[in-house]
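Visitor: For what it's worth, our numbering labels the leading residue of the sequence shown as 2, then goes sequentially.
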Amino acid sequence: MRLLIVEDEKRLATSLARGLTAEGFVVEVVHDGATGLSRASGHGYDLIILDVMLPGMNGYRVCAALRAAGDETPILMLTAKDGEYDEAEGLDTGADDYLTKPFSYVVLVARIRALLRRRTRGAAPSITLGDLTVDPAARRVFRGDEEVELTAKEFAVLEHLASNAGRVVSKAQIMEAVWDFAYDGDPNIVEVYVSALRRKLDVPFGRRSITTVRGSGYRLGREGGA
């Protein structure tokens, strides 16, 4: 597996590259956003570790540019910031996961492996709920004939809800299924993703597919909000 690290803290970048190489990954490192975007474009990486605060071109802009170009390589963002709005900004630009500095190296490796597993593992048959179609094999989502673009993590949350359509799914269940054991952050991150799904799946189509069951979790309707 080939990884690209885009990180301007050279000591951290070198440490990560050394550790991940020992884990069996092929690792390349660059230290600014423009170079990171150039290297990431068309070089066939399996995953990109992308710092937010980069000289010249920040990580949000790099991520947004890659997604606009149709590049679906998993992106794990690193940042010294915290707070759900910073996290939401990274997710809205298309990042698949988010890790706040300082972080545990063990957690970083677990997050990387989780993202790579989701990219390569076999998927279940398509799920149809009213006019909402979730296709795990192709990782595509449709409202009627219109495709809805989701990040990998948004898709994983939706897939779990769709697989349990009509049933209430707790935040803990979503985190266990989507973030695996490694996530050590705020469980309210689930709310950020559910809000993103509502903005993309419901608002433009006049639907209300995901309801909040106070104190229990979330439920995706069997009819997909149609």
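Idealized CB from N, CA, C, for every residue including glycine.
(1) Please name the residue or residues paired with Gly131 in a DSSP beta bridge.
(2) Going by Cα to Cα distance, which pick from Ala81, Glu155, Val179 is closest to Asp52?
(3) Please report the straight-line C-alpha distance between Leu38 and Ile50, rounded to a whole angstrom.
(4) Where does Gly34 fall in DSSP's three states?
(5) In three-state terms, what does DSSP make of Glu147?
(6) So what's Gly216 in DSSP terms, helix, strand or just coil?
(7) With 16 as the cutoff for other CB atoms within 10 Å, does Gly167 come out buried or exposed?
(8) Comparing C-alpha positions only, which one of Pro103, Asp146, Glu160, Ala115 sits nearest to Pro126?
(9) Output needed for Ile113: all residues of its chain with C-beta closer than 7 Å, excluding positions within five of it in sequence on either side, in chain order.
(10) Identify whether Met176 lies in helix, strand or coil by the three-state DSSP scheme.
(11) Among Ala138, Leu21, Ser16, Leu13, which has the Cα closest to the Cα of Ala111?
(12) Which residues does DSSP list as the beta-bridge partners of Glu24?
(13) Under a three-way DSSP split, which group does Arg112 fall into?
(14) Report the rounded CA-to-CA distance for Val193 versus Gly207, giving the unit in angstroms.
(15) Which residue comes first and which comes last in the beta strand (DSSP E) that contains Arg3?
(16) Do Leu198 and Glu148 have their C-beta atoms within less than 8 Å of each other?
(17) Should Thr134 be labelled buried (16 or more other beta-carbon atoms within 10 Å of its own) or exposed?
(18) Using three-state DSSP, classify Val53 as helix, strand or coil.
(19) So, for Arg97: in the same chain, excluding its five sequence neighbours on each side, which residues have a beta-carbon less than 7 Å away from its beta-carbon?
(20) Could you check the C-alpha separation between Lys102 and Arg12 for me, to the nearest Å?
(21) With DSSP as the reference, label Arg12 as helix, strand or coil.
(22) Cβ atoms of Arg68 and Gly95: under 8 Å apart, would you say?
Guide: On the basis of the coordinates in this document:
(1) Translated into positions along the sequence shown, residue 131 becomes position 130. Note: Gly131 sits in no beta bridge, so no partner.
(2) For this step, residue 52 is matched to residue 51 along the sequence shown. Residue Ala81 is the option with its Cα nearest to Asp52.
(3) Start at 1 with the first residue of the sequence shown, and residue 38 comes out as number 37. Start at 1 with the first residue of the sequence shown, and residue 50 comes out as number 49. Cα-Cα distance, rounded: 12 Å.
(4) On the sequence shown, position 33 is the one that residue 34 refers to. The answer is helix: DSSP assigns Gly34 an H, G or I state.
(5) Within the sequence shown, the letter at position 146 stands for residue 147. Here Glu147 sits in strand by DSSP.
(6) As a first step, residue 216 must be located in the sequence shown, where it is residue number 215. The answer is coil: DSSP assigns Gly216 none of H, G, I, E or B.
(7) Along the sequence shown, one-based indexing puts residue 167 at 166. With fewer than 16 Cβ atoms within 10 Å of its Cβ, Gly167 is classed as exposed.
(8) Taking the sequence shown and counting its residues from 1, one reaches residue 126 at position 125. Of Pro103, Asp146, Glu160, Ala115, the residue nearest in Cα terms is Glu160.
(9) Residue 113 sits at position 112 when you count from the first residue of the sequence shown. Once the five neighbours on either side are set aside, the close Cβ partners of Ile113 are Leu48, Leu77.
(10) One-based indexing of the sequence shown puts residue 176 at position 175. If DSSP states are grouped into helix, strand and coil, Met176 belongs with the helices.
(11) Your numbering for residue 111 matches position 110 in the sequence shown. The residue with the shortest Cα to Cα distance from Ala111 is Leu21.
(12) Indexing the sequence shown from 1 puts residue 24 at position 23. Bridge partners of Glu24: none, in fact.
(13) For the purposes of this step, residue 112 is identified with residue 111 of the sequence shown, where counting begins at 1. Here Arg112 sits in helix by DSSP.
(14) Residue numbering aside, residue 193 sits at position 192 when the sequence shown is read from its first letter. Residue numbering aside, residue 207 sits at position 206 when the sequence shown is read from its first letter. Straight-line Cα distance between these residues: approximately 20 Å.
(15) Counted from its first residue, the sequence shown places residue 3 at position 2. Per DSSP, Arg3 belongs to the beta strand (DSSP E) from 3-7.
(16) Residue mapping note: residue 198 aligns to position 197 of the sequence shown, counting from 1. Residue mapping note: residue 148 aligns to position 147 of the sequence shown, counting from 1. No.
(17) The residue given as residue 134 occupies position 133 in the sequence shown. Buried, since its Cβ has 16 or more Cβ neighbours within 10 Å.
(18) Indexing the sequence shown from 1 puts residue 53 at position 52. Note: Val53 maps to coil in three-state DSSP.
(19) The sequence position of residue 97 within the sequence shown is 96, counting from 1. Checking the sequence shown, residue 97 turns out to be Asp, not Arg. The answer, listed in chain order, is Pro75, Ile76, Leu77, Leu116, Thr152, Ala153, Lys154.
(20) Looking up residue 102 in the sequence shown gives position 101. Looking up residue 12 in the sequence shown gives position 11. Cα to Cα, the separation comes out at about 14 Å.
(21) What you label residue 12 is simply residue 11 of the sequence shown in a count that begins at 1. Reduced to three states, the DSSP call for Arg12 is helix.
(22) Locating residue 95 in the sequence shown gives position 94, counting from the first residue. Locating residue 68 in the sequence shown gives position 67, counting from the first residue. The answer is yes: Cβ separation under 8 Å.
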